[in-house]
Structures are given as C-alpha cells and as structure tokens.
Amino acid sequence: MKERLAKIKEEVLAQIEASDSLEKLNEVRVSALGKKGALTGILKSMKDVAPEDRPKVGQMVNDVRQELEKALDAEKSKLEEIVREAKLKSEVIDVTLPAKKNQVGHRHPNAIVQEEVERIFIGMGYEVVEGPEVEKDYYNFEALNIPKDHPARDEQDTFYVTEDIVLRTQTSPVQVRTMEKGKLPIRMIAPGRVFRSDEVDATHSPSFHQIEGLVIDKNITFSDLKGTLAEFAKELFGEETKVKFRPHHFPFTEPSAEMDMSCFKCGGKGCRFCKGSGWIEILGCGMVHPKVLKMSGIDPEEYSGFAFGVGLERITLLKYEIDDMRLLYENDTRFLKQF
Ligand code: DAH
C-alpha cells in the first residue's frame, strides 16, 4: 500500500511539473484527487487493509493528499503569474505615440451664406419662416397667378407627386402661406430647398436652394424694394457694390424686375466672372401682383408689397468663386474645409 501511494505521488508530482497551462493542471487535479481519482481509489480499497492498520494508512493517504494539493496550488500560482505577465505584455500602451486626430466636420458654404443672408434681413426686422418641400399645386402655382398653361408648369420642370401635389419648384409658395395667415404687416424671408427636373451640370442641379423675401404693409412702393435690395447687396458683397434693375416678367409680381449687381471681382470694368459686362444677375423681384394679394385675402387697395427670390447656390458660387455647382453636393471635406 505504501509503495502504491509513493508511486501515485511520484507520478502526480511529475504530471504537475509537466503542466504548461491552467487547464492541464486542472485535469491533473481531477485525475489525482477527484471522485474517480487515484487517491480516492486507494481510500476505497481500505476494506482490504487490516483494521488495526487503517488509521495509519488513512494518515498516509491524507499526507500525500496534502502534499499534492500544495504542489498543485504552487503550480497554479506559477501558471497564473505567467498568464498575467503575457497579458500585461500584450496590452502595453505606448503613451508617447501621437494621438489619432478626430475628423471634425465643417460648415457647408451654402449654410454659411444662408446664415449671412438671414443675419442681414433679421437686422432689417425680417422674420425667418419655412414652408413644406412637398407642396400643393395651389400654393406652388395657382395662388401665385401662374396659369394652367404657363411654361413653368411644364412637366419637364416640375416633379409631380400626384396631379395636385408637387415638389416645390420655388420658395414663392411660402409667400402665399404667410399671407394666408392674415397677420399684417409682413416682413419675412423663407430659405429652403426647391426641386426642378434639371440636368446636372456646372450650373444646374435637380435640387437647389432659394431664399424668398416678402414685405407687405401700407404704402410699400418700388423705392422700398430698391432700397432694401441695394442694402442687401452691399452687406453681402461690400459697401462699394452697385445695383441696377432690368424690367422682367414674373406672373406673381407687377411690375417685375431682375436685379444685377456690379461685379464684385472687377468692380464693373469687365472680367471673366461677369463675362465682360461688369454686371452680375443676382435675383428676381417685383411688386406683389394685386391678384396674388387678393387670392390670399389681402385687400390690394389698402396694402401693397414687394417680393424677391434669390438662388442660394448662385450667391455661394459667386462669393467663394467656385466654378462648379456639383462641388457643393459632394460633401468632400477637403473641399468644404476651405470656407
Ligand atoms: N420664384 C422665382 C423663381 O424661382 C424667383 C422670384 C422672382 C421670386 C421674383 C420672387 C419674385 O418673389 O418677386 O424663378
């Protein structure tokens, strides 16, 4: 019995020594000390030992058990230490490495210009309002005195959602929505996205932005329009900017005009920006048509007003001297970061 015990002890100690992982060590523990282990096997064969020898043998088995447990614990600590060392090594952080920079976004040039335009008009007492991009035919056309056979209604230009719902082709419907509310006087601008089924090229896109303006009060005249828009151009492009008005036609204004400003680049001498003319077309405007006022419930005998519409991209391209509109829609941060 003593020899059997000594042999088991020797074998198990050798196995402990040979264990190179915590898993293997645990297997050794189970095979030596577990329920079906070698040592337990010996205790089970106690019945073959003479009764007077049993305490002695029991003592021997216990001694071996304790010795093996000690060896197992020691080996376990050793292996755990190795595992921890390896982990620390693999998790080393080089605090001297330069930090990764976060990619920070950038305000879009369109947004910068829109806010600038808003700032200018807010300074003149205007309110900034919004209207829906999916709009009723009535607001986009009918209430703006755009008759059924007007070329602007041609399906080539307008995205129809249903027969009487469109993607707005202009921000002018916000004029109608504002007048309909019945609160007078009105001084508002309405920036927003508009849609036209256009080709994509350097100066066209099926979706772009306009800023609408509307003033309705008693005794508003064309002089108010001229003074306001001249001031707007000066604030946006510099004090020396001049403006001139050319007669034009819009169904919702009478009289109508287009405003040109002196070229911000050459000051009027003629260059590649103004195509040699010294002037740059900048917006459409006019006195609100009496029919338009009437349709929105405003008495044209008592009130008058002016309106204007500016292409936001047009101003952005001019202001930053960008020569291709498509650059504004690519969201390439290398491009956007420049403004
Ligand atoms: N809605 C016109 C367009 O998209 C622009 C415009 C012209 C707006 C004259 C106005 C205006 O308010 O008075 O071409």
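FYI, the numbering for the sequence shown is 1201 to 1539, going by the working numbering.
All C-beta atoms in this analysis are idealised placements derived from N, C-alpha and C, irrespective of residue type, glycine included.
Note that the structure is a prediction, hence the values are computed from the model and not measured.
Residue i Cβ short of 8 Å to the ligand DAH heavy atom set
{"i": "Phe1422", "result": "no"}
{"i": "Glu1412", "result": "yes"}
{"i": "Ala1507", "result": "yes"}
{"i": "Ser1504", "result": "no"}
{"i": "Gly1323", "result": "no"}
{"i": "Phe1359", "result": "no"}
{"i": "Val1394", "result": "yes"}
{"i": "Cys1485", "result": "yes"}
{"i": "Asp1372", "result": "According to the sequence as given, residue 1372 is Ser; it is not Asp. Within the cutoff, so yes."}
{"i": "Ser1456", "result": "yes"}
{"i": "Thr1369", "result": "yes"}
{"i": "Phe1450", "result": "yes"}
{"i": "Thr1453", "result": "yes"}
{"i": "Gln1375", "result": "yes"}
Same chain only: Cβ atoms within 8 Å of residue i, ignoring 5 sequence neighbours per side
{"i": "Phe1452", "result": "Leu1344, Asn1345, Ile1346, Ser1372, Gln1375, Gly1486, Val1488, His1489, Val1492 and Ala1507"}
{"i": "Arg1254", "result": "Met1246"}
{"i": "Val1361", "result": "Val1334 and Leu1367"}
{"i": "Pro1455", "result": "Phe1422, Pro1447, Gly1486 and Met1487"}
{"i": "Leu1429", "result": "Val1443, Met1459, Leu1483, Cys1485 and Phe1508"}
{"i": "Phe1473", "result": "Cys1463, Phe1464, Lys1465, Cys1466, Ile1480, Leu1518 and Glu1521"}
{"i": "Val1328", "result": "Glu1318, Phe1321, Ile1322, Met1388, Ile1389, Ala1390 and Pro1391"}
{"i": "Ile1365", "result": "Val1334, Glu1335, Lys1336 and Asp1337"}
{"i": "Arg1229", "result": "Leu1272"}
With 16 other Cβ atoms within 10 Å as the buried cut-off, status of residue i
{"i": "Pro1309", "result": "buried"}
{"i": "Ser1423", "result": "exposed"}
{"i": "His1409", "result": "buried"}
{"i": "Ala1390", "result": "buried"}
{"i": "Val1443", "result": "buried"}
{"i": "Ile1480", "result": "buried"}
{"i": "Met1324", "result": "exposed"}
{"i": "Gly1382", "result": "exposed"}
{"i": "Asp1337", "result": "buried"}
{"i": "Lys1209", "result": "buried"}
{"i": "Ile1216", "result": "buried"}
{"i": "Ile1386", "result": "buried"}
{"i": "Asn1340", "result": "buried"}
{"i": "Val1400", "result": "exposed"}
{"i": "Gly1505", "result": "buried"}
{"i": "Leu1288", "result": "exposed"}
{"i": "Leu1297", "result": "exposed"}
{"i": "Ile1282", "result": "exposed"}
{"i": "Val1313", "result": "buried"}
{"i": "Arg1534", "result": "exposed"}
{"i": "Arg1514", "result": "buried"}
{"i": "Ser1219", "result": "buried"}
Cβ-based neighbour list, residue i, same chain, cut-off 6 Å, excluding 5 preceding and 5 following
{"i": "Phe1464", "result": "Phe1437"}
{"i": "Val1510", "result": "Ile1411 and Leu1483"}
{"i": "Asp1417", "result": "Pro1385"}
Same chain, Cβ closer than 7 Å to residue i, five either side skipped, listed in chain order
{"i": "Arg1265", "result": "Leu1233 and Leu1239"}
{"i": "Arg1393", "result": "Glu1333, Ser1407 and His1409"}
N- and C-terminal bounds of the alpha helix (DSSP H) containing residue i
{"i": "Phe1464", "result": "Unbroken run through Phe1464: none, as it is neither H nor E."}
{"i": "Lys1444", "result": "Where Lys1444 is concerned, there is no enclosing alpha helix (DSSP H), although the beta strand (DSSP E) it sits in stretches over Val1443 to Phe1450."}
{"i": "Arg1472", "result": "No alpha helix (DSSP H) contains Arg1472, which DSSP labels as neither H nor E."}
{"i": "Val1228", "result": "Leu1222 to Leu1233"}
{"i": "Gly1241", "result": "Ala1238 to Lys1244"}
{"i": "Arg1393", "result": "From DSSP, Arg1393 is part of no alpha helix (DSSP H) but of the beta strand (DSSP E) over Ile1386 to Phe1395."}
{"i": "Leu1536", "result": "Thr1533 to Leu1536"}
Extent of the continuous beta strand (DSSP E) to which residue i belongs
{"i": "Lys1336", "result": "Val1334 to Lys1336"}
{"i": "Asp1417", "result": "Ser1407 to Asp1417"}
{"i": "Ser1362", "result": "According to the sequence displayed, residue 1362 carries Thr and not Ser. It spans Tyr1360 to Thr1362 - the beta strand (DSSP E) in which Thr1362 sits, taken as one unbroken run."}
{"i": "Pro1373", "result": "From DSSP, Pro1373 is part of no beta strand (DSSP E) but of the alpha helix (DSSP H) over Pro1373 to Glu1380."}
{"i": "Leu1213", "result": "Note, Leu1213: premise wrong, no beta strand (DSSP E); alpha helix (DSSP H) at Lys1202 to Ala1218."}
{"i": "Ala1430", "result": "Careful: Ala1430 lies outside any beta strand (DSSP E), inside the alpha helix (DSSP H) at Phe1422 to Phe1437."}
Any C-beta of chain B under 9 Å from that of residue i
{"i": "Asp1273", "result": "Looking for chain B here will not work: only one protein chain is present."}
Residue i: CB within 8 Å of a non-hydrogen atom of the ligand GTP
{"i": "Ala1238", "result": "For the ligand GTP, the structure offers nothing, since it holds only the ligand DAH."}
Curious, which full-length alpha helix (DSSP H) runs of at least 4 residues does the region 1480–1511 contain? Fully enclosed alpha helix (DSSP H) runs of 4 or longer: 1490–1495.
Taking the runs of the beta strand (DSSP E) that are 3 residues or longer, which of them lie wholly in the region 1284–1345? Correct list: 1334–1336.
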